[in-house]
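Here the structure is laid out as structure tokens; the discussion comes afterwards.
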Amino acid sequence: MKIKICGIKTIKEYLQCINNKIDYIGFNFYRKSKRYINYKKAKTILKAQHTHTSKIVGIFINPNITTLKKIISQTHIDLIQVNSNWQKHKTSVKHIPIIRCFNLTKLTYKIIKNITNTTTITIIDSHTQHRGGTGEKFNWNLIKKLNTLKTFIAGGININNSKYISKNFKPYGIDIASGSENENIKCLKKIKTLRKANE
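Residue numbers (the numbering used here): 33 to 231.
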């Protein structure tokens with residue numbers, strides 16, 4: 033099972049993820065997020081280590097296309113994650129894979145079930161009125177019906193339940209932010225525990 037840790041804000045946090053072979057490392061470019069980072073700082077952090085196997089993800093919510101292209105060109109991220117208008121972004125940035133992020137409702141679940149491209153990566157999070165990560169769980173049993181897709185579970189995942197999720201629901205991966213932190217700072221012990229439990 034893949035591990036994606038989001039909300040990297042320092043070189044130290046970045047290197048902790050790299051050294052523990054975290055599969056996907058996320059930088060949040062959504063200004064209203066408490067984990068927001070500007071692209072110049074992200075660029076500096078990414079220069080700290082070029083040689084690694086992790087995929088670097090830029091996280092956006094309804095981004096301006098010009099801004100999106102600028103951040104991609106400056107940071108050389110591997111994928112972008114969007115929470116809105118996937119088709120528009122796919123047309124605008126054809127050279128980079130897009131992770132489609134869904135806040136789960138009856139409508140979005142139908143959309144996900146109708147995805148036929150098995151190479152498409154999706155993230156499913158619980159639905160709230162707030163944009164971005166919720167930190168709240170949803171009915172993980174729904175993932176069992178989507179096992180042909182590369183689906184990440186997000187929301188309420190931590191060192192205490194990640195192995196249970198892997199064993200019982202078998203998603204492509206888990207997407208973690210607060211579950212890898214102590215007081216909004218990435219915790220090396222938690223990162224190591226997550227990696228060891230899900231090797």
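For every residue, glycine included, the Cβ atom is placed at its ideal position computed from N, Cα and C.
Its Cα nearest to that of Thr225, the residue Asn190 stands out among Asn190, Asn214, Thr140 and Ser198.
The three-state reading of DSSP puts Ala209 in coil, since its state is none of H, G, I, E or B. For Lys36, the secondary structure class from DSSP, reduced to helix, strand or coil, is strand. Thr148 and Ser158 have their alpha carbons spaced roughly 22 Å apart. One alpha carbon belongs to Lys53, the other to Gly187, and they sit about 22 Å apart.
Annotation for Asn135: the continuous beta strand (DSSP E) segment containing it runs Ile130 to Asn135.
Leu111 is bridged by DSSP to Val89.
For Ser86, the number of other beta carbons within 10 angstroms of its own is at least 16, and it is reported as buried. Only residues of its own chain outside the window of five on either side were considered, and among them none has a CB closer than 7 Å to the CB of Thr99. Contact between Ala80 and Ile43 holds, since their C-beta atoms are separated by about 5 Å, short of 8 Å. Met33 places its beta carbon 8 Å or farther from that of Ile144.
In the DSSP assignment, Phe201 falls within the unbroken alpha helix (DSSP H) covering Ser194 to Phe201. Beta-carbon to beta-carbon, Lys126 and Thr152 are separated by about 15 Å, too far to satisfy the 8 Å threshold. When secondary structure is reduced to three states using DSSP, Ile153 falls in the strand class. Only residues of its own chain outside the window of five on either side were considered, and among them Lys36, Lys87 and Val89 have a CB closer than 6 Å to the CB of Tyr56, listed in chain order.
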